[in-house]
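Asker: Before I ask anything, let me first share the structure, which is written out below as structure tokens.
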Amino acid sequence: MADWRQAPVVDDAVTTQLRQDLDEDDFVLVHAALADDIRGRMAELAAALAADDTETARRAIHSLKGAALNLGHARLGLLCSHLNQCALASDWSAIRSAWNDLRAVSSASLAALGHGGLAFDGDSSIVRH
Amino acid sequence: MPAFIVPKEAIMSEKLEQAIAAAIADKLVLVVEDTSSSRILVSGLVRGLGAHRVVSATDGVDALAKTVDKGLVPDVVLCDWVMPNMDGLELLTRIKAAHSAVKFIMMTVKTEAEAVIMARQHGVDGYVAKPFSRDSLMASLAKVLGVSG
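Keeping their order, the protein sequence lines are chains A and B.
Residues in the first sequence are numbered consecutively from 1, following the numbering used here.
Residues in the second sequence are numbered consecutively from 1, following the numbering used here.
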């Protein structure tokens, strides 16, 4: 599996292809929706980890991975791929340890989308280490 | 990757694209994805390929509520596997049990052989690996619609 640290935040080739494949309205809509998906899934994951709800946490990581990779957000997608493997192996301590990386990479994707940071940026304590 | 899965790098011809547009124009296409970006992306691509009747849903429960429960039987279903409430495999099973002619394409990051075999045992007609491309989506639609270019 490729190292997420080496991946670009956004793969420009995917963005260029999407511009060709989608009409302008859908192109704008799909990127706005990705920002909502990132915020929503990160909040869901934080709450699930705090509650030891592994099923919801696993699904949130999986959803974030698919959404990010579909739109060429390679760094976030690859980090989620790694976390997905951890989730499948029930290695929740590794996922909790990677929380700050995930938050930083999610914020980088949001910035690339022209959006601000995560709504719960100041409250990472909800994820128990 | 199992051979049943359409690769992202599938190569399409203009003639095939026209054939798909003609075949899909009057079909009811159901897109089921729990993330809104993926739902908008797949719906937008399918409309761009010529589908005029596209319904989208957030999970299996929503999909049934918007179609089968209202007497609307989709011709083609494009569905994620991992979703809350009712996942893609259960939706596949329920739709195929009642309407075996519905063409069901699973779109998922689950590309291991065991997952593909399980989906095929439940009657899946096509399988697209995520991240997908417009061409891999077209290739799978061409296959399930029985068109060639």
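The C-beta atom is built at its ideal place from N, Cα and C for all residues, glycine as well.
Predicted model, so just to flag it, every value in this text is computed and none were measured.
Which residues in the same chain have their Cβ closer than 8 Å to the Cβ of B:M150, if we skip the five residues on either side of it in sequence?
Answerer: Outside the shown range of chain B, which is 1 to 149, sits residue 150 of chain B, and nothing can be said about it.
Asker: Please report how far the alpha carbon of A:H129 lies from the alpha carbon of A:A98, in whole angstroms.
Answerer: Here residue 129 of chain A is taken as the residue at index 129 of the first sequence, counted from 1. Here residue 98 of chain A is taken as the residue at index 98 of the first sequence, counted from 1. For A:H129, the predicted structure reports a pLDDT of 49, less than 50, and the residue's modelled location is therefore unreliable. A value from the coordinates is still provided. Between A:H129 and A:A98, the C-alpha separation is close to 10 Å.
Asker: Report buried or exposed for A:V51, applying the criterion of at least 16 other Cβ atoms within 10 angstroms of its Cβ.
Answerer: Locating residue 51 of chain A in the first sequence gives position 51, where the first residue counts as 1. It should be noted that the sequence gives Ala, not Val, for residue 51 of chain A. Its Cβ having fewer than 16 others within 10 Å, A:A51 is exposed.
Asker: Anything in chain A within Cβ reach of B:D34, meaning under 7 Å, just list it in chain order.
Answerer: Taking the first residue of the second sequence as 1, we reach residue 34 of chain B at position 34. Chain A residues near B:D34: S63.
Asker: What is the DSSP secondary structure of B:K27, counted as helix, strand or coil?
Answerer: Residue mapping note: residue 27 of chain B aligns to position 27 of the second sequence, counting from 1. In this structure, B:K27 counts as coil in the three-state DSSP scheme.
Asker: Considering Cα atoms alone, identify which of B:H99, B:T93, B:M83 and B:D87 is closest to B:Q121.
Answerer: Numbered from 1 along the second sequence, position 121 holds the residue referred to as residue 121 of chain B. The residue with the shortest Cα to Cα distance from B:Q121 is B:T93.
Asker: How would you list, in chain order, the residues of chain B whose beta-carbon sits under 9 Å from the beta-carbon of A:L71?
Answerer: Position 71 of the first sequence, counting from 1, holds the residue named residue 71 of chain A. Per Cβ cutoff of 9 Å: S37, S38, L41 and P131.
Asker: When the distance is taken between beta carbons, is A:L110 closer than 8 Å to A:H145?
Answerer: With chain A represented from 1 up to 129, any question about residue 145 of chain A goes unanswered, as that position is not in the structure.
Asker: Please work out which residues of its chain come closer than 7 Å, Cβ to Cβ, to B:W81, disregarding the five sequence neighbours upstream and downstream, and give them in chain order.
Answerer: Here the question's residue 81 of chain B lines up with position 81 in the second sequence. D87, G88, L89, M106, T108 and K110, listed in sequence order.
Asker: Starting from the Cα of B:V42, find the closest Cα among B:L145, B:E14, B:V128 and B:L16 and give me that residue.
Answerer: Reading the second sequence from its first residue, position 42 is the one you call residue 42 of chain B. The shortest C-alpha separation from B:V42 is found at B:V128.
Asker: Over what stretch of residues does the beta strand (DSSP E) that includes B:M106 continue unbroken?
Answerer: On the second sequence, residue 106 of chain B is found 106 positions in, with the first residue counted as 1. Segment K103 to T108, the beta strand (DSSP E) holding B:M106.
Asker: Looking at chain A, is there any beta carbon in it that lies within less than 8 Å of the beta carbon of B:V124?
Answerer: Along the second sequence, read from residue 1 onward, the residue named residue 124 of chain B stands at position 124. No, its Cβ sits nowhere closer than 8 Å to a Cβ of chain A.
Asker: Taking C-alpha atoms, which residue in B:G71, B:L91, B:L16 and B:S148 lies nearest to B:D59?
Answerer: Position 59 of the second sequence, counting from 1, holds the residue named residue 59 of chain B. Residue B:L91 is the option with its Cα nearest to B:D59.
Asker: Indicate whether the contact test is met: 3 or more Cβ pairs, each with one atom in the region 12-28 of chain A and one in the region 81-94 of chain A, closer than 8 Å.
Answerer: No contact exists between the region 12-28 of chain A and the region 81-94 of chain A.
Asker: Would you mind sorting A:G122 into buried or exposed? The rule is 16 or more other CB atoms within 10 Å of its CB.
Answerer: Taking the first residue of the first sequence as position 1, residue 122 of chain A is located at position 122. Caution applies to A:G122, whose pLDDT of 43 falls short of 50 and renders its modelled position unreliable; the model cannot decide the point.
Asker: Using C-beta distances below 6 Å, list every residue in its chain close to A:P78, excluding the 5 sequence neighbours before and after it, in chain order.
Answerer: Taking the first sequence and counting its residues from 1, one reaches residue 78 of chain A at position 78. Pro is not the amino acid found at residue 78 of chain A; the sequence shown has Leu there. Cβ neighbours of A:L78 beyond the five flanking positions: A2, W4 and A7.
Asker: In the structure shown, what three-state DSSP assignment does A:S97 receive?
Answerer: Residue numbering aside, residue 97 of chain A sits at position 97 when the first sequence is read from its first letter. Reduced to three states, the DSSP call for A:S97 is helix.
Asker: Output, in chain order, the set of chain A residues within a Cβ distance shorter than 8 Å of B:R134.
Answerer: Looking up residue 134 of chain B in the second sequence gives position 134. What B:R134 touches in chain A: Q17 and D21.
Asker: Determine the closest residue to B:A98 out of B:G146, B:D34, B:V31 and B:L64, with distance taken between C-alpha atoms.
Answerer: Numbered from its first residue, the second sequence carries residue 98 of chain B at position 98. Among B:G146, B:D34, B:V31 and B:L64, the Cα nearest to that of B:A98 belongs to B:L64.
Asker: Please report the straight-line C-alpha distance between B:A21 and B:A113, rounded to a whole angstrom.
Answerer: Taking the second sequence and counting its residues from 1, one reaches residue 21 of chain B at position 21. Taking the second sequence and counting its residues from 1, one reaches residue 113 of chain B at position 113. In a straight line, the C-alpha of B:A21 is about 31 Å away from that of B:A113.
Asker: Have a look at the DSSP bridge pairing and note the partners of B:A79.
Answerer: Against the second sequence, residue 79 of chain B aligns to sequence position 79. In the sequence as presented, Ala is not what sits at residue 79 of chain B; that position holds Cys. Bridge partners of B:C79: B:V32 and B:M106.
Asker: Under 7 Å, CB to CB, which of the residues in the region 99-111 of chain B have a partner in chain A?
Answerer: Residues passing the 7 Å Cβ filter: V109.
Asker: Please list, in chain order, the chain B residues whose beta carbon lies closer than 9 Å to that of A:A7.
Answerer: In the first sequence, counting from the first residue as 1, residue 7 of chain A sits at position 7. Per Cβ cutoff of 9 Å: no residues; A:A7 is ~13 Å from chain B at best.
Asker: Determine, using beta carbons only, whether B:L78 comes closer than 8 Å to chain A.
Answerer: Here residue 78 of chain B corresponds to residue number 78 of the second sequence, with the count starting at 1. For B:L78, the answer is no, since every Cβ of chain A falls outside 8 Å of its Cβ.
Asker: Between B:H52 and A:N100, what straight-line distance do the alpha-carbon atoms span, to the nearest angstrom?
Answerer: In the second sequence, residue 52 of chain B corresponds to position 52, counting from 1. In the first sequence, residue 100 of chain A corresponds to position 100, counting from 1. If you take the alpha carbons of B:H52 and A:N100, they lie about 44 Å apart.
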